[in-house]
Amino acid sequence: MTNVLLIIFIISLLYVSIANRIITYVRVLALQGFILFGVTFLQLKDIQTWNLVLILLETIVFKAIAVPVFLSYLIKRNKITRETEPYLPHFISLIIITLIIVITVLLANSIQDTHLDKIFFIVSLSTLFTGLYFIASRKKIITHVMGYLMIENGVFVLSLAVGNEMPNLVNLGIMLDVFASVLILGIFLNKIGDVFKAVDVDQLSNLKDY
Amino acid sequence: MTAVYLISAFIIAGMLFANRNTIINNILIIIFGLVQIGFTFYACSNYKNSVLQYFTFDSLGLLLLMTLTIISIPALFHSYLYIARHDETPQSRAIYFSAIVFLITSITAAYLANHIAVIWIFTEMTTLSASMLIYHHRNKLALEGTWKYVFICAISITFVFIGILFLSLALQHAGSSDLSFANLMEYKDSLNPFWLRLAFLFIFTGFTAKLGLVPMYTAGIDAKDKAPAPAGALLASVLMNLGFVGIFRIYAVISQTSLFHWANLIIFIAAFLSIFVATVYMTKVMNIKRMFAYSGIEHMGIVMLGIAAGGIGYYAAILHIILHAFVKSSLFFQFNQLYRTFQSKSIQYVGNYFKYNPTGAVVLLLGFISATAMPPSGLFVSEFLIFRSLFEAKFIVLLIVVLLLLTIVIWAFGKNIMKILFLPVQGIDETKIPRINPWESLTQYLLLFTAIWLGLNPPSIFVQMIQDAVKILPK
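Line order of the protein sequences matches chains U and R. Per the working numbering, numbering through the first sequence is continuous, rising by one, with the last residue being 210. Per the working numbering, numbering through the second sequence is continuous, rising by one, with the last residue being 475.
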């Protein structure tokens, strides 16, 4: 069951790569939050109950509901256009993300390790690189933020892989989530929407050496 | 006592944040300065002890803590002058001072932490407080700088976290789950090399955002440019040392394993590219603050070359990072007076500084001599030792290329500084230039002379502490 969920997670990455509208990104982020809820529930067995409840609450409340709702609120409030505006065509994005997944699978196959479920490694690493790719190839600041949130989801998957032995690392991951998301989304995306009327990265090029 | 320090510092930060009264504000800052000094003395008297399980007063931590305390006192003083002169609203003053107190406290805790996760937490806190300082002016450019800093630091901090996860996987092979550095050292032989390699790559990349190396150096440049100069002085000196602490502690573990040479290679590449990038930008840059920031990138590259070359390089690297902190912070403090004189950051509109403010001009000149590592500055000694270690480790080609690049840096830096100091500029209304009180430069002189004194005639206890800090590295 865990494997099925994680494979859906990977498919969601491919789906995002060809998505044309920003709202699709938001929906996929919400979907990933629900998937992470399921994976956490199935994976973390040797963990104290209150800690498990905390982690589950974080995935469902924060990742799956609060962040997507806030993102769609920001999109409406700042009147961000609905196109994702990639620098590259969708087809090439699809190929690149497929390549990322294939390479991580090959890398994972070269590991001789009994301590780690390889699928966690594959999912987290390919999500990490996909997120970085989204940040590099999309024009809007809000898509950069979504790329970052995707990276965080990938990191969360990896922390679940070691969660049974070191539950504190999962808690740290949650702290990172809350801290970075609140800092990035809450304060600055709000401000940037107010100050810069159109939210493109092209506008953020005024700091120069001369 | 450590708990008392952390709690009282955070309470002071909170009170500064809530307070709107000028007198109470100043009293709180003085109290914080005393608390910081007191804690430093406490730390020195408990040399090598561990407190609260997660903090150890080891040599590296103590050396950098003393550097931090020595720099933070003038930083608070210059911040006070800065805020008093700029007609700040009580609210923005409150945010500024609580952020700076928060920043100094988090850096202190991160220096002393003996557990990688604790360093990570406090590094996160420095991002938060530094972003409040960068956004101080609340205009479009400050917002852009803050956004870039926050975003890149968030990605870097995530990288460090991934590195910690890989480290925990490496440690599981050894049958342990305690991620403190002492424990990692104990299990150094049974760590899984594959996971350790990934862990080092991610942790190194993550901490380069704070240290100011390729690939993540960009955010720091904008941050130092947009933050008010007294805060920029902290970002350009002690915050960079925090990145060094993060990398050094994990490097000490790696250096005991079979990955030692591979890790050195990674550091060599990053350090060389940093020096190269800094050189390229130094020749073009027209913004004085950014020029200082790029010079910092170059120095961090030299420090990491010393670490990777080994031998006497370890000693020289730690000496260099301490001296660099003193010199760079005094340059940033001086920048404020320069800006008050000319009301411009651009080298184009600044000139003949000796005529308007001779005391400050001498600081700039001494700072330039120190930052380019010419004798008699202390950095000459440390840089010379780093080059010697490169020579002894038989990296002749690298050494020659680095020396060539540094010559270009000296040329570019010197060209700009000489222009600022001596060449008159057209169209300056001399009646509008304020008279700068020479006593304000006193702290800058003290910092510069500390750097010279520590480099040329280091006290024996100082030398012993540096040697003790690098004792864990292989010969």
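Where is the CB? At the ideal position from N, CA and C, for every residue including glycine.
- Item | Spatial neighbours of residue 50 of chain R in its chain, beta-carbon cut-off 6 Å, leaving aside the 5 residues before and after | 56
- Task: State buried or exposed for residue 167 of chain U, treating a residue as buried only when at least 16 other CB atoms are found within 10 Å of its CB.
- Result: buried
- Task: Classify residue 474 of chain R as buried or exposed, calling it buried when 16 or more other Cβ atoms lie within 10 Å of its own Cβ.
- Result: The residue is exposed, with fewer than 16 neighbouring Cβ atoms inside 10 Å.
- Which residue's Cα is closest to the Cα of residue 146 of chain R: R:458, R:293 and R:129? R:129
- To which residues of the same chain is residue 91 of chain R closer than 8 Å at the C-beta, ignoring the five residues directly before and after it? 20
- Query: residue 96 of chain U: which of U:67, U:69, U:127 and U:78 sits nearest, CA to CA?
  - Reply: U:127
- Is the beta carbon of residue 21 of chain U less than 8 Å from the beta carbon of residue 84 of chain U? yes
- Message: Taking only three categories from DSSP, how would you classify residue 26 of chain R?
- Response: Taken through DSSP and simplified to helix, strand or coil, residue 26 of chain R comes out as helix.
- Where residue 440 of chain R sits in the DSSP three-state scheme: helix
- Helix, strand or coil: which one does DSSP assign to residue 138 of chain U? Here residue 138 of chain U sits in strand by DSSP.
- Message: For residue 131 of chain R and residue 151 of chain R, I'd like the C-alpha separation in whole angstroms.
- Response: Approximately 10 Å, taken between the alpha carbons.
- So, does the CB of residue 85 of chain U fall closer than 8 Å to a CB anywhere in chain R? With 8 Å as the cut-off, residue 85 of chain U does not count as an interface residue toward chain R.
- Is it the case that the Cβ atoms of residue 253 of chain R and residue 181 of chain R are separated by a distance below 8 Å? yes
- Query: Got a sec, what are the start and stop residues for the alpha helix (DSSP H) residue 85 of chain R sits in?
  - Reply: Per DSSP, residue 85 of chain R belongs to the alpha helix (DSSP H) from 59–85.
- Item | Burial state of residue 290 of chain R (16 or more Cβ within 10 Å) | buried
- Give every residue of the same chain whose Cβ lies closer than 6 Å to the Cβ of residue 299 of chain R, excluding the five residues on either side of it in the sequence, and list them in chain order. 324
- Query: Under 8 Å, do residue 214 of chain R and residue 274 of chain R count as touching if we go by C-beta distance?
  - Reply: yes
- Task: Assign residue 148 of chain R to one of two classes, buried (16 or more other C-beta atoms within 10 Å of its C-beta) or exposed (fewer than that).
- Result: buried
- Item | Sequence-distant residues of its chain with Cβ nearer than 6 Å to residue 60 of chain R (five each side left out) | 469
- Query: Between residue 126 of chain U and chain R, is there a C-beta pair that is closer than 8 Å?
  - Reply: no
- Just curious, the alpha helix (DSSP H) that residue 178 of chain R is in, first and last residue? No alpha helix (DSSP H) contains residue 178 of chain R, which DSSP labels as neither H nor E.
- Task: Evaluate contact between the stretch 418–426 of chain R and the stretch 355–370 of chain R, counting only Cβ atoms and requiring at least three cross-stretch pairs below 8 Å.
- Result: Yes, the stretch 418–426 of chain R is in contact with the stretch 355–370 of chain R.
- Query: Applying a beta-carbon distance threshold of less than 9 Å, which residues of chain U neighbour residue 151 of chain R?
  - Reply: 135, 141, 144, 145, 148, 184 and 188
- Task: Just list the beta strand (DSSP E) runs in the stretch 253–305 of chain R, keeping only unbroken ones of 3 residues or longer that don't cross its boundaries, in chain order.
- Result: none
- Task: Check distances from the C-beta atoms of the stretch 170–183 of chain U to those of chain R and list, in chain order, the residues that come in under 7 Å.
- Result: Per Cβ criterion, the list reads 172, 173, 176, 179, 180 and 183.
- Would residue 173 of chain R count as contacting chain U if we go by Cβ distances under 8 Å? yes
- Message: Considering Cα atoms alone, identify which of R:383, R:238, R:332 and R:343 is closest to residue 309 of chain R.
- Response: Comparing Cα positions, the closest option is R:383.
- Message: Does chain R have any CB closer than 8 Å to the CB of residue 47 of chain U?
- Response: no
- If I'm right that residue 204 of chain R touches residue 247 of chain R with Cβ under 8 Å, what's the distance once you round it to whole angstroms? 6 Å
- Let me know the secondary structure DSSP gives residue 51 of chain R once reduced to three states. Secondary structure at residue 51 of chain R: strand, using DSSP grouped into helix, strand and coil.
- Are residue 71 of chain U and residue 26 of chain U closer than 8 Å when you measure CB to CB? yes
- Check the Cβ of residue 477 of chain R against every Cβ in chain U and list those closer than 7 Å, keeping chain order. This structure leaves residue 477 of chain R out entirely; chain R is present only between 1 and 475.
- Message: Quick check on residue 170 of chain R: does DSSP put it in helix, strand or coil?
- Response: Residue state, collapsed to three classes: helix.
- Task: Taking only beta-carbon positions, decide if residue 1 of chain U is within less than 8 Å of chain A.
- Result: Here the protein chains are U and R, and chain A is not one of them.
- Any C-beta of chain U under 8 Å from that of residue 177 of chain R: yes
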